[in-house]
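Chains A, B, C and D, in that order, are what the protein sequence lines are. All residue numbers for the first sequence refer to the working numbering, where the first residue is 1 and numbers rise by one. All residue numbers for the second sequence refer to the working numbering, where the first residue is 1001 and numbers rise by one. All residue numbers for the third sequence refer to the working numbering, where the first residue is 2001 and numbers rise by one. All residue numbers for the fourth sequence refer to the working numbering, where the first residue is 3001 and numbers rise by one.
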Amino acid sequence: MFAEQLINGITLGSIYAIVALGYTLVFGVLDIINMAHGEIFMFGAFIGMVIVTKMNAPLAAAFAGAVLVTAALGYLLERVALRPLRGRTGVSHLAPLISTIGVSILLENLAHHIFGAGNQLFETPFAEIRFTIGSTTVYLVQVVILAVSVVLMGGLSLWLARTRSGKGLRATAESLETAELLGVDTKRIITATVVIASAMGGIAGVLVGMAFNYINNQIGLSMGLKGLAIIIFGGMGSVAGAMAGGLILGLSETFVVAYGSSGYRDAIAFLTIIVVLLLRPQGLFGRAAPEARR
Amino acid sequence: MLLDMRNVTMSFGGVTALRDVSFSVREGEILGLIGPNGAGKTTLFHVLTSMVSGASGDIVFRGERIEGLSTHRIIRRGVGRTFQNIRLFPRMTARENVMVGRHTRSRAGVWQSVLRTRAQRAEEDRIREKTDELLALVGLAGKEGSVASALPYGYQRRLEIARALACEPKLLLLDEPVAGMNESETREIHHLIRKVRDLGVTVILIEHDMSLVMQVCDRLVVLNFGEKIAEGTPEEIQNDPGVIVAYLGREEEGDDA
Amino acid sequence: MAVDWLNPYHLQVASFVLINTLLGVSIYVTLATGQLSLGNAGFMSIGAYTTAILTTRHGFPMPAGIVAGSVVAALAGIAVGIPSLRLTGVYLAIATLGFGEVVRVVFVNWESLTGGAVGIAAIPQMGRELLASLRDAGFAPESIGLRGNQFISLSVFLILFASTLCAIGFFFRLGSSRVGRAYAAVRMDERAAEAAGIDTTYYKVLAFTQGAMLSGFAGALFAHATSYISPADFTYHRAVEILVFAVFGGSEHLLGPVFGAMLLTALPELLRSVSDYRYIVYGILLIAMMVFRPQGLIDPPLVNRLAGKKAAGGGSRDAA
Amino acid sequence: MNGKIRLAGLVFAFVFAPVLLGATGYAEKGKGPEIHAKIGVISILTGPGAAYGEAITNGFKLAQEEMNARAGLRIDLVIEDSSGKQEQALAAAQKLINSDQVVAILGPTLSTEMKVVGPEANASGVPIMGTSTTAQGITQIGKFVFRNSLPEALAIPASIGKAVRKYNLRKVALLYGNDDVFTKSGYDTMKKVSEEMKLAILTTETFQKGQADYKAQLTKIKNLAPDAIFCSALYEEGAVILSQARKMGIAVPFVGGNGFNSPKVIEIAKGAADGLVVATPWFGEKDDPKVKAFVAKYEKRYGKKPDQFAAQAYDGLTLMAEGLKKAGKADRAALRDALAGIRNFHGVLGTFSFDEERDVVMEPAVLIIRNGKFQLFR
């Protein structure tokens, strides 16, 4: 049972991690929490579902479609709900939080009207491929999810560290004004960040559909809250923190059910947040003291 | 002695900002605290008012040890201070800024405030009276209703002094009150400092402008790289060879962290 | 003979507007010292559950239950407020949001005390209790031209209205006092506030506790207005809703959250005719507000212009 | 105190009903046999529970069309959204009672909502009938409160009893949604019945609304190897649980509560739904012309098979129509009395009576899903 639960935990944790990556990327650059990220993720899942289940198209098309749509949503989010707030004087630091909450409410209810309420089957032959090691059954999807999350994290780290646009992004994260002085097109960088983060949400959405076979318009909220918990835990803006935090949360949720009481499963995430913030407010991998950020 | 600092040492991040600094402040004097950039002058103010932690040594103020007390307790015991980079409450009016400064000299709590008791109303009247008096003293009469952040720079400095005076301090710590001011403004501030002293407030003044320090201060303490290198009257300091070496070619604006 | 225009439905809507107003003010109070708390749904539930348990199981009279609910919520506020002092901005918001969720999960799981997800029913409803005791005293609402349910709704509304008025008056007066000036000073520059002799720790915890207490008070009133509560009433959605009241209405003036709560509670009721698209409209409205008027509907300059004078109090100002 | 309120409500209803009815222009006695009634509906149109609200509203609308097609009765529905929230449900009820002056209310959807709305309607003397409220203590709220939805307290003992006898169950695992009133009270009944039947409860696991991943709980249950899983879930979550369980190789029967009973389970879980045992007031495959006609009409109209929520809603409005005909006028108090007297009513749910407490008297059918179809469990 331990091996099976371990696999369950890692699968769940990897998905959490990908969702958290989207949050952490946006927070790292813009210093704001994109409350609509969960709903963008949910939209990705639905687009994937429509392509794979309703149109019987191959899985690759689902990923492509989901990424395309969520990237577009990310672009719209940035243009409509974030950019107009930026650089204006006297804007409360809560304003972007609220505007993205507005987007999340909008998307959640749009999904309800477009895709319907309730669980929708996400059916793909790929999800049925499995193999057995000893007495443990492993689904190929579970391996793929872990791989995708590792690749995304590695790719993101490399991109940030090595490429020109990645460096521009980091400069923007350090200081918007300095980056502008250095000739970085911060407007483009910010848009790119939100678009990339959203597209990663789209990938995570399709993966969730593959892993659990069902999606509904509420998964955005529950996954979104978990993602939020993870970036606090792992450290805001930290790529490694999102990954580690996601895995730790996925594993601890699974093992609390396995060896404890399933009723408190959802409390873990938030209890962890509180404890971590009080003992190590910058999070597991965070550097800046939280007092420095307002 | 109003204030006694004995063997005060302060280090953070491997850097020793103050090393074994000892000196005393007499009641009613204006003490100049001078030294080149990074000498530890502002740090000394921070240590005195407990705005940094990790200092060692004894600080005795009016016969009581105050090191390790929290800032507001030290202020309550009669220390007022200003900051090197003015720190006003930007969206309050000038009057409100000074009224905040009266905090330690008033006592209305939540219930008195909400019930508007007679004592509370009388206290508010006194606060307002005293506030306007102080604003007049620093030359801000007629500016009571202006929003602090909209005041000209020189007025902001004066307002900060008024706020520091509002708690009726025995000791006033002024951190470069004339930085960035022209000659006539500087003279006015020094005039104000003397006036404050004449009201019975002892002053410690951090200042770079040597000529003016010489004119206004009764005594000087010189810091360099966190150590006290000299103490005495302006004349004594002027002729101190150590001080001359420390200052050689380093006369400039700005200060330590 | 009857006052037909007195429609219990409108009074009902107005009563919930008032409870939400109290909640909006509760988040504003904490915000007045620059702290953003998203735990007010949690404090609200603590107040509601405390009075529900005390009145249904231990025979407490309703007013005692409401007071107890507020006090327990305040104690919880102190317990959360002190360790949270180290946190600022977004971190405090998320930590308090976490607190709210933990409280809800505990209420779901602690069945022996809270009844779990089933919640607590048959909580004395203030209007009905009042009517019952008045009838015992020989009073019939019909004698003043009111039907029974009109009287019940009206009395609920009036009790809430008086409570809300008291709360607003309380914080309005506090705002323009020594304490309110200390709050504003802490909000604008904590270090300068310390240098002015203000015990910033005390005032931050005080504001946090007052916010928690007011939330608990609102929760207790909520319990006695609906007569039924369950953990589902105090979810993440509630926490966000409370925040939205403050930020939509305006977080820089006490009247902001008051109007925010009023408008945003009444709006979905007015929009009932397009109920299918209600939340879509709601979402768009939020985005538009932030884009075109991010400080919220009401800000101090507007209030001053309307009042035709400069505000004297310091408590009504903001720093972000 | 309740008595007084009821009295006040009655007084109000008698005194004002004619005035109000006259003002809104219905119940024109003497102009003919036509009864014109405005009935309020409180349902979930937005938010998480909208899937249930949709089926329920469909059921009402279909019944309304049928009733209005007949002579002598004209029913208007005023449909309000509650979003599944008590305050909104209460506000909706207030609007229906006082602004729209409805003669009766159908709904609200959830038992939690009914606990808030019921006392209000009762105090106002407006008959209110829950068509999907299955928790305990609903009709005990007051004499104006009815329901036609099979309470869990009747459904669950029936299904568990049959499953235990048929499969000779000894050890079971319990799984339920602990943050929902409906599934929680279903679980309470399951636990009680299991204990009464001396079954060994290997483990009790919980889940939360909207959860996507149940693998941790199911892996744990699988390793304990129970004879059956008693699962108190709404079909939305239940179907996903079934699917994930079967995929993991858990082949034992599932016994569900009332909320698990929906054709949607098969639609969502497909083949994995086989082996689910439920007790239900509603069996769509029943060899009864009434049922067949209803299913055909519903499917034609909405493109899917009716579930029990739709069926109960359909019968709920039909019951209201029956009550109105018996009362002979669109009057709140008269309708209440007429409804309370209904016995042996034949609807799509079967033979139905109200008991003395206006609660349900009927024989639930126990069904099992085999080969992707609900069949009678014998």
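Ideal Cβ positions, reconstructed from N, Cα and C, are used throughout, including at glycine.
Q. What's the call for Leu325(A), buried or exposed, on a 16-neighbour Cβ count within 10 Å?
A. Any question about residue 325(A) goes unanswered here, given that chain A covers just 1 to 294.
Q. In or out: Gly115(A) buried (at least 16 other Cβ within 10 Å) or exposed?
A. The sequence given here has Phe at residue 115(A), not Gly. It counts as buried.
Q) Helix, strand or coil: which one does DSSP assign to Met317(A)? A) A query on residue 317(A) cannot be resolved here, the shown segment of chain A reaching from 1 to 294 and no further.
Q. Cβ of Arg1087(B) less than 7 Å from any chain C Cβ?
A. yes
Q | Status (buried if at least 16 other CB within 10 Å, exposed otherwise) for Phe2139(C) | A | exposed
**Q.** Close beta carbons around Phe2222(C), own chain, < 6 Å, minus the five adjacent residues each side
**A.** Here Phe2222(C) has Ile2019 and Ala2048 as same chain residues with Cβ atoms under 6 Å from its own Cβ, once five neighbours each way along the sequence are excluded.
Q: Measure the C-alpha to C-alpha separation of Leu1069(B) and Asn1097(B) and round it to an integer number of angstroms.
A: 24 Å
(Q) For a cutoff of 7 Å on Cβ pairs, would you count Glu2111(C) as touching chain A? (A) no
Q) Leaving out the 5 sequence neighbours to the left and right, which residues in its chain are closer than 8 Å to Trp2005(C) when beta-carbon positions are compared? A) Within the same chain, Trp2005(C) has no close Cβ partners at all.
(Q) Using 8 Å as the cut-off, can you tell me whether the segment 2173-2187 of chain C makes contact with the segment 2106-2124 of chain C, which would need three or more C-beta pairs spanning the two stretches below that distance? (A) no
Q | 3 or more residues per run - each beta strand (DSSP E) lying fully within the segment 2152-2223 of chain C | A | none
Q: Starting from the Cα of Ser1024(B), find the closest Cα among Gly1145(B), Ala1179(B), Ile1204(B) and Gln1120(B) and give me that residue.
A: If we check each option's Cα against that of Ser1024(B), Ile1204(B) comes out closest.
(Q) Assuming Phe3260(D) and Tyr3235(D) are in contact, meaning their beta carbons sit under 8 Å apart, how far apart are those beta carbons, in whole angstroms? (A) 6 Å between Cβ atoms; contact.
Q) So Tyr1125(B) is in the beta strand (DSSP E); what residue range does that whole segment cover? A) Before going on, a small fix: residue 1125(B) reads as Asp here, not Tyr. Segment Arg1118 to Leu1137 is the alpha helix (DSSP H) holding Asp1125(B); no beta strand (DSSP E) there.
Q: State yes or no: is the beta carbon of Met2213(C) nearer than 7 Å to at least one beta carbon in chain B?
A: Closer than 7 Å: no.
Q. Can you find a CB in chain D that lies within less than 7 Å of the CB of Leu2295(C)?
A. The question names Leu, yet the displayed sequence has Gln at residue 2295(C). Not an interface residue.
Q: Count the C-beta pairs between the segment 3051-3060 of chain D and the segment 3090-3099 of chain D that are closer than 8 Å, then say yes if the count reaches three, no if not.
A: The segment 3051-3060 of chain D makes no contact with the segment 3090-3099 of chain D, as fewer than three CB pairs between them are under 8 Å.
**Q.** Where Arg2179(C) meets chain B, residues with beta-carbon distance less than 8 Å
**A.** One point to set straight first is that residue 2179(C) is Val, not Arg, in the sequence displayed. In chain order: Ala1108, Gly1109, Val1110 and Ser1113.
Q: Decide if the segment 1098-1112 of chain B is in contact with the segment 1128-1137 of chain B; the criterion is three or more beta carbon pairs, one per stretch, under 8 Å apart.
A: yes
Q) Hey, would you say Arg1006(B) sits closer than 7 Å to Glu1227(B), going by beta carbons? A) It is not a contact, given that the beta carbons lie outside the stated cut-off.
Q.
Quick check for students: name the residue ranges of the alpha helix (DSSP H) that lie wholly in the segment 5-69 of chain A, counting only runs of 4 or more.
A. 37-49
Q) Which class does Ile3368(D) belong to by DSSP, given the choice of helix, strand or coil? A) strand
Q) Which parts of the segment 2034-2091 of chain C are runs of the alpha helix (DSSP H), unbroken and 4 residues or longer, counting only runs that do not cross its ends? A) The alpha helix (DSSP H) runs of length 4 or more contained entirely in the segment 2034-2091 of chain C are, from start to end of the chain, 2040-2057 and 2062-2081.
Q) Rounded to a whole number of angstroms, what is the C-alpha to C-alpha distance between Thr3139(D) and Phe3182(D)? A) 16 Å
Q) When the distance is taken between beta carbons, is Gln5(A) closer than 7 Å to Thr3219(D)? A) yes
Q: Check the Cβ of Thr3219(D) against every Cβ in chain A and list those closer than 8 Å, keeping chain order.
A: Met1, Glu4, Gln5, Asn8 and Ala258
Q: Look up Ala2261(C) in the DSSP assignment and say whether it is helix, strand or coil.
A: helix
Q | Beta-carbon proximity check, Gly3210(D) vs Gln120(A), cutoff 7 Å | A | no
Q. Using a C-beta cutoff of 7 Å, does Leu2174(C) count as contacting chain B?
A. Leu2174(C) belongs to the set of residues whose beta carbon lies under 7 Å from a beta carbon in chain B.
Q. What three-state label does DSSP hand Asn109(A) in the structure shown?
A. helix
Q | Cα-Cα separation, Ile51(A) to Ala61(A) | A | C-alpha of Ile51(A) to C-alpha of Ala61(A): approximately 7 Å in a straight line.
Q. Since Ala3200(D) is in the alpha helix (DSSP H), which residue starts that stretch and which ends it?
A. Premise fails: Ala3200(D) lies in the beta strand (DSSP E), Ala3200 to Phe3207, not in any alpha helix (DSSP H).
Q. Closest Cβ-Cβ distance between Ala3123(D) and chain C: below 7 Å?
A. yes
Q. What are the residues of the segment 3074-3091 of chain D that lie near chain A, defined by any Cβ-Cβ distance shorter than 7 Å?
A. none
(Q) Determine, for Tyr2279(C), whether the minimum Cβ-Cβ distance to residues of chain A falls below 7 Å. (A) yes
**Q.** Nearest to Leu1223(B) (by Cα), restricted to the options Val1015(B), Leu1003(B), Leu1199(B) and Thr1043(B)
**A.** Thr1043(B)
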